[in-house]
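Novice: Pasting a structure here, questions to come.
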Amino acid sequence: MQNEPDNARDEADTFARADESKGDFFERVYDELHGLASRQMRSQSPGHTLQATALVSELFLKLGHHDLERWQSRDHFISMAASAMRSILVDHARSKNRQKRTPPGGRVALDEAAAEFEGRSGDLVALDDALVALGGLEPGLVKLVELRFFGSCSMEECARLSEKSLRSVHRDWRFAKNWLRKRLDPDSAKPASGSA
Amino acid sequence: MNADRWSRIRRLHAEASELPSAERRAFLETECAGDQILFAEVWELVEADSDDDFLEAPEVEHVAPGVILGDFELLEELGSGGTGIVFRARQKSLEREVAIKIMPRHFALNERRVARFVREAKAAAKLKHPGIAPIFEVGLVGDNHFFAMELVAGHDLARELELQAEGRGLCASKDSSVQFREAARIVMQVAEALDFAHRAGVVHRDIKPNNIILDPEGRPRLVDFGLAKDESLGSITVTDKVEGTPYYMSPEQARLVEEQVDARTDIYSLGVVLYELLTRSRPFDGRTSQEVISKIIRREPKPVRSVVPGIPRDLAVICTKAMEKRPGERYATARALRDDLTSFLAGEPIRARPPGMVRKMGRLVTRHRVASSAAVGVALALAGANYAQEVWARQAWPTVSITVASGPEAHVVATPLQAFLGTARGESIDLGQTPIEDERLEPGRWRFSVVVDAQHFAELDRDLKLAGGDEKRQELELEAHPSGEESPLKTVPFESVEMHSRILERGVDADPTAAWRDVSLRSFQLGIHEVSFGEYRAYLEESGRPGPGLWDSLDIQAASDDLPVVLLTQEEARDFAEWYGYRLPYDPEWEWAAMGADGRRYPWGDADEDVAKRANIHADGPPSQGSQGHWREVLAFAEPVDSRPDARTPEGLFHMLGNVSEMTASGASYSALPLNLEKQPDSFLTLGGAWFADTLAKYLPAASWRPLFEGTAYHRVGLRVAKSRAPFSVR
Numbered sequence: 005m006q007n008e009p010d011n012a013r014d015e016a017d018t019f020a021r022a023d024e025s026k027g028d029f030f031e032r033v034y035d036e037l038h039g040l041a042s043r044q045m046r047s048q049s050p051g052h053t054l055q056a057t058a059l060v061s062e063l064f065l066k067l068g069h070h071d072l073e074r075w076q077s078r079d080h081f082i083s084m085a086a087s088a089m090r091s092i093l094v095d096h097a098r099s100k101n102r103q104k105r106t107p108p109g110g111r112v113a114l115d116e117a118a119a120e121f122e123g124r125s126g127d128l129v130a131l132d133d134a135l136v137a138l139g140g141l142e143p144g145l146v147k148l149v150e151l152r153f154f155g156s157c158s159m160e161e162c163a164r165l166s167e168k169s170l171r172s173v174h175r176d177w178r179f180a181k182n183w184l185r186k187r188l189d190p191d192s193a194k195p196a197s198g199s200a
Numbered sequence: 007m008n009a010d011r012w013s014r015i016r017r018l019h020a021e022a023s024e025l026p027s028a029e030r031r032a033f034l035e036t037e038c039a040g041d042q043i044l045f046a047e048v049w050e051l052v053e054a055d056s057d058d059d060f061l062e063a064p065e066v067e068h069v070a071p072g073v074i075l076g077d078f079e080l081l082e083e084l085g086s087g088g089t090g091i092v093f094r095a096r097q098k099s100l101e102r103e104v105a106i107k108i109m110p111r112h113f114a115l116n117e118r119r120v121a122r123f124v125r126e127a128k129a130a131a132k133l134k135h136p137g138i139a140p141i142f143e144v145g146l147v148g149d150n151h152f153f154a155m156e157l158v159a160g161h162d163l164a165r166e167l168e169l170q171a172e173g174r175g176l177c178a179s180k181d182s183s184v185q186f187r188e189a190a191r192i193v194m195q196v197a198e199a200l201d202f203a204h205r206a207g208v209v210h211r212d213i214k215p216n217n218i219i220l221d222p223e224g225r226p227r228l229v230d231f232g233l234a235k236d237e238s239l240g241s242i243t244v245t246d247k248v249e250g251t252p253y254y255m256s257p258e259q260a261r262l263v264e265e266q267v268d269a270r271t272d273i274y275s276l277g278v279v280l281y282e283l284l285t286r287s288r289p290f291d292g293r294t295s296q297e298v299i300s301k302i303i304r305r306e307p308k309p310v311r312s313v314v315p316g317i318p319r320d321l322a323v324i325c326t327k328a329m330e331k332r333p334g335e336r337y338a339t340a341r342a343l344r345d346d347l348t349s350f351l352a353g354e355p356i357r358a359r360p361p362g363m364v365r366k367m368g369r370l371v372t373r374h375r376v377a378s379s380a381a382v383g384v385a386l387a388l389a390g391a392n393y394a395q396e397v398w399a400r401q402a403w404p405t406v407s408i409t410v411a412s413g414p415e416a417h418v419v420a421t422p423l424q425a426f427l428g429t430a431r432g433e434s435i436d437l438g439q440t441p442i443e444d445e446r447l448e449p450g451r452w453r454f455s456v457v458v459d460a461q462h463f464a465e466l467d468r469d470l471k472l473a474g475g476d477e478k479r480q481e482l483e484l485e486a487h488p489s490g491e492e493s494p495l496k497t498v499p500f501e502s503v504e505m506h507s508r509i510l511e512r513g514v515d516a517d518p519t520a521a522w523r524d525v526s527l528r529s530f531q532l533g534i535h536e537v538s539f540g541e542y543r544a545y546l547e548e549s550g551r552p553g554p555g556l557w558d559s560l561d562i563q564a565a566s567d568d569l570p571v572v573l574l575t576q577e578e579a580r581d582f583a584e585w586y587g588y589r590l591p592y593d594p595e596w597e598w599a600a601m602g603a604d605g606r607r608y609p610w611g612d613a614d615e616d617v618a619k620r621a622n623i624h625a626d627g628p629p630s631q632g633s634q635g636h637w638r639e640v641l642a643f644a645e646p647v648d649s650r651p652d653a654r655t656p657e658g659l660f661h662m663l664g665n666v667s668e669m670t671a672s673g674a675s676y677s678a679l680p681l682n683l684e685k686q687p688d689s690f691l692t693l694g695g696a697w698f699a700d701t702l703a704k705y706l707p708a709a710s711w712r713p714l715f716e717g718t719a720y721h722r723v724g725l726r727v728a729k730s731r732a733p734f735s736v737r
């Protein structure tokens, strides 16, 4: 402790800084998940689905304790990782829209993952915009969509993570989907014809 | 939209959705009572309802009975563990039943791991031996890596031992000599199968009663050969439960010396199986894995004949030889073990001889006793054997020297501690009067209670480490500052109590059934408030010690004296506490003081009005983030240590929630989850949350784990001192 060598000091400094923003940890999860997702999509046969839960388990092992001082439990981690999945996929979709350059390999791999998600959600960017709007009304519903859609969590897991009953999570989920459906595709909802 | 309207929409949507679709419209029309806009809004949502796959997870093939994996249909789950789930399954093409082991889902994400699995499974699949359950197929269907093996009728040896304890079992006999011969026969047959595998270059690495199945004729079959004994797989299990206790692990496995793990590891483990079959007890038992592992590494097993006197001497020698600590002293091959067991069964002389002078003496005397009952000689020789072993093991143990800084000499008691709970995990040892010089102690967390008298004492808690590899033996020199009531740091007393740790109950991935949740808490005292910058500066001045390493680079003098001190490493915090005769608190002490008997949510109770303000938590984080984040947040967001009297606990403790997070001495191995309380700690717990709080840190205990690297400090973590109200003593 006394007369610390300089490198120890640097390390200490780094950790003090790492602690300073929530963003750092999220970024780390983001980067790692991004890498894992690309790798998985590359190494597997075409048409293979990206399993967010498996990715999260693996990431959990990989990060060990070093970066995990920010969360209190595995649940917290899963919840954070689901948000990271959302960012990864949406960022990818946005950058694709903007025709930005991405590292070789990463693009193709994530293209497939993004396409697979978009098969169930429609345009990811539009979904993300809708989620931002929903967040202004009830942030809890956005979290639920992140867990369920981006994190592939089961309803039971969602209930545990949001500290709600399974029943009310089912209710929330149904509502969130209907709300988003309506928002994303206003024509799909039939007009309230001849309201009495 | 106002919140009221939103919740009306939510409620109406939920209620309408529960109705048959034909009734929904009428229901909404009634409920909305003319509010056309509300009606339209909810009706559109209700109309949008659909069973399509919008936002639904793709069908993940959950492995469960009924699922088909290629040629195999899963029928029934037989068991699960860290390395996968085992099912009874039907192989369609061959119309037979098999056992299928499916690896965990994240397994496939590590290519090296998969490659190793496939390589080993293929090697194991080549083993054709009547004592080995054959592997039929190694496969990958969808995301599931699996292998199919013969479904062996019968039960495993673990079950057999249970049955035998009830006087039943396939190979049970009332005649103990028949029983011993049966044990020798089973182990002999397993050794034969092992020898076959070893010759083919396959090591099992996980020999245990659960992996030896007795068919209905009582013939043993080895299963689960050499497969995926990957460390990282064992750490997270399918069920997220801690793996079974490692009773059958060899010393080289226990020491994690992977390169030494070879065929002789299997011989050791089989020796343990023999030991258990003979004595119906395990050579190394303990309440925790760590205790078992520690004994495997350091202790000699109680000789089988002292557990069960009737065990034939040769069988005892065979067992001892198989279980030698050093691989080089065991049977060199499984064949040699098999041969000795065969000789024993045939009534012929065995080849094994106990190595080493001390042991040999013991054995000669033992022989002698058969003729002349020289019992005293036996006792002496056995004591000698234990002593030799002890001396060998203790070479690498750390040493501790303790002096008292000033004042009268003191009496020192060393108590092994559970590093997370801070409770005694063994008997206290009297080390005598100070100065204590080069006392050699077993590795682990210890408390040195340095006692002048009942009122004046100090508690020094340290992790003692085993020398290993390039690390030199740890030599600690400690200076104690025994103190009493005259200390300048004000504390609040707490009585002893039976409680259980809530952090282990929720929020942390630990086995919820584990007994160590329940804690007998000894009476203690805890600082009334977080240690302030002023108090820390006074200490620096008084002790003449240099300021914390991290402070040099920061303009820390800007922090006013009444703010909580931060940016100390755990060592620096501990040194501060010890200067005044205190120590850092452990989780149960802190939790009990903060949460009380009923586990209140907040220091003041369960009332959740104004939590953020009362506790000084900025739930959404400080306005500045990322690049603007800086240690100076302390100045902006932390509050004086004795502020917010309305947020005190009933006993008067300030800022138990919020302000700065507080260090504890509670350590655990967090690198492999579930949380491991038995390994050498690599992380420590902070409690109480800080001014910046994540969503989960808004109520007690607001815990967080931080890596224990030397020199690591955090700008949101401070400390509070603690001390027992009476030191440990030797009973």
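These protein sequence lines map, in sequence, to chains A and B. Using my numbering, count along the first sequence one by one with no gaps and you end on 200. Using my numbering, count along the second sequence one by one with no gaps and you end on 737. Where a beta carbon is used, it is the ideal one built from N, C-alpha and C, also for glycine.
Name the chain A residues that come within less than 9 Å of SER23 of chain B, Cβ to Cβ?
Specialist: Residues of chain A passing the Cβ test: ARG175, ARG178, PHE179 and ASN182.
Novice: Using the beta-carbon of each residue, which ones in chain B are nearer than 8 Å to LEU141 of chain A?
Specialist: Within chain B, the residues near LEU141 of chain A are MET7 and TRP12.
Novice: Where does ALA486 of chain B sit, in a helix, a strand or coil, going by DSSP?
Specialist: Strand at ALA486 of chain B.
Novice: Excluding five sequence neighbours on each side, which residues of the same chain lie with their C-beta closer than 8 Å to the C-beta of GLU21 of chain B?
Specialist: Excluding residues within five positions, the ones whose Cβ falls inside 8 Å are PHE33 and GLU37.
Novice: For VAL173 of chain A, report the span of its beta strand (DSSP E) as first-last.
Specialist: Not the beta strand (DSSP E): VAL173 of chain A falls in the alpha helix (DSSP H), residues 170-188.
Novice: Is GLU615 of chain B buried or exposed, if buried means 16 or more other CB atoms sit within 10 Å of its CB?
Specialist: Exposed is the call here.
Novice: Looking at VAL52 of chain B: is its Cβ nearer than 8 Å to the Cβ of ILE15 of chain B?
Specialist: Contact flag unset, no.
Novice: Based on Cα-Cα distance, which residue from B:HIS462, B:GLU483 and B:ALA674 lies nearest to PHE734 of chain B?
Specialist: Answer by Cα proximity: B:HIS462.
Novice: I'd like the list of long-range same chain contacts for LEU184 of chain A, defined as Cβ closer than 6 Å, with 5 residues on each side in sequence excluded.
Specialist: Cβ neighbours of LEU184 of chain A beyond the five flanking positions: ALA134.
Novice: Check whether chain A comes within 8 Å of HIS19 of chain B, counting only Cβ atoms and requiring the distance to be less than that.
Specialist: Yes - at least one Cβ of chain A is within 8 Å of the one on HIS19 of chain B.
Novice: Note down, in chain order, every chain B residue with its Cβ under 7 Å from the Cβ of VAL146 of chain A.
Specialist: Ordered by position in chain B, no residue passes the 7 Å Cβ test against VAL146 of chain A, which lies about 12 Å from the chain.
Novice: Around the Cβ of TRP12 of chain B, are there at least 16 other Cβ atoms within 10 angstroms (buried) or fewer (exposed)?
Specialist: Answer is exposed; the Cβ neighbour count stays below 16.
Novice: Say whether chain A places a C-beta atom closer than 8 Å to the C-beta of GLU62 of chain B.
Specialist: Yes - at least one Cβ of chain A is within 8 Å of the one on GLU62 of chain B.
Novice: Would you say the beta carbon of THR575 of chain B is closer than 7 Å to some non-hydrogen atom of the ligand MN?
Specialist: Of the ligands one can find in the structure shown there are none, so the ligand MN has no counterpart to examine.
Novice: Is the beta carbon of HIS135 of chain B closer than 8 Å to that of ILE219 of chain B?
Specialist: Not in contact: ILE219 of chain B and HIS135 of chain B (Cβ atoms no closer than 8 Å).
Novice: What is the DSSP secondary structure of PHE698 of chain B, reduced to helix, strand or coil?
Specialist: Residue state, collapsed to three classes: strand.
Novice: Could one say the Cβ of ARG16 of chain B lies closer than 8 Å to chain A's Cβ atoms, at least one of them?
Specialist: Judged by the 8 Å Cβ criterion, ARG16 of chain B is in contact with chain A.
Novice: Is the CB of ARG124 of chain A under 8 Å away from at least one CB in chain D?
Specialist: Going by chain labels, chain D is absent from the structure shown, which instead holds the protein chains A and B.
Novice: Whose Cβ in chain B lies nearer than 9 Å to the Cβ of ARG171 of chain A?
Specialist: Those within 9 Å of ARG171 of chain A in chain B number zero; the least Cβ separation is about 10 Å.
Novice: Look at the alpha carbon of ASP652 of chain B and the alpha carbon of HIS535 of chain B, and state the distance between them as a whole number of angstroms.
Specialist: One C-alpha to the other measures close to 14 Å.
Novice: Under a CB-based cut-off of 8 Å, is LEU51 of chain B close to chain A?
Specialist: Yes, LEU51 of chain B counts as interfacial toward chain A.
Novice: Which residues in chain B have a C-beta closer than 7 Å to the C-beta of VAL149 of chain A? List them in chain order.
Specialist: Simply LEU61.
Novice: Classify SER99 of chain B as buried or exposed, calling it buried when 16 or more other Cβ atoms lie within 10 Å of its own Cβ.
Specialist: It counts as exposed.
Novice: Let me know the secondary structure DSSP gives ILE74 of chain B once reduced to three states.
Specialist: In this structure, ILE74 of chain B counts as strand in the three-state DSSP scheme.
Novice: Given a cut-off of 8 Å, decide if SER529 of chain B and GLU485 of chain B are closer than it, judged by their beta-carbon atoms.
Specialist: No, these two residues do not count as a Cβ contact at 8 Å.
Novice: Per DSSP, which residues does VAL92 of chain B bridge with? Please list them.
Specialist: Note: VAL92 of chain B sits in a beta bridge opposite B:GLY85 and B:LYS107.
Novice: If we ignore side chains and look at the alpha-carbon of each, how far apart do ILE138 of chain B and PRO257 of chain B end up?
Specialist: When rounded, the distance between both Cα atoms is 25 Å.
Novice: Look up GLU35 of chain B in the DSSP assignment and say whether it is helix, strand or coil.
Specialist: DSSP places GLU35 of chain B in helix when its eight states are reduced to three.
Novice: Under the three-state reduction of DSSP, which class applies to VAL736 of chain B: helix, strand or coil?
Specialist: Here VAL736 of chain B sits in coil by DSSP.
Novice: DSSP state of GLU481 of chain B, grouped into three classes?
Specialist: It is a strand residue.
Novice: Measuring alpha carbon to alpha carbon, tell me which residue in A:GLY123, A:ASN182 and A:PHE153 is nearest ALA86 of chain A.
Specialist: When only C-alpha atoms are compared, the closest one is A:PHE153.
Novice: Leaving out five residues before and five after THR405 of chain B in sequence, what residues of the same chain have Cβ atoms less than 8 Å from its Cβ?
Specialist: Hits under 8 Å: ASP444, GLU445, ARG446, LEU447, ARG479, GLN480, GLU481 and LEU482.
Novice: Given a cut-off of 8 Å on the beta-carbon distance, is the pair ILE43 of chain B and LEU80 of chain B in contact?
Specialist: Taking 8 Å as the Cβ cut-off, ILE43 of chain B and LEU80 of chain B do not qualify as a contacting pair.
Novice: Of the residues B:HIS661, B:LEU167, B:ARG17 and B:ALA671, which one's Cα is nearest the Cα of PRO609 of chain B?
Specialist: Taking only the C-alpha atoms, the option nearest PRO609 of chain B is B:HIS661.
Novice: Can you list, in chain order, the residues of its chain with a C-beta nearer than 7 Å to that of MET505 of chain B? Leave out the 5 residues immediately preceding and following it.
Specialist: Once the five neighbours on either side are set aside, the close Cβ partners of MET505 of chain B are VAL525, LEU527, PRO594 and TRP598.
Novice: On the DSSP bridge assignment, give the partners of ARG451 of chain B in chain order.
Specialist: Answer by DSSP bridge pairing, in chain order: B:ASP469.
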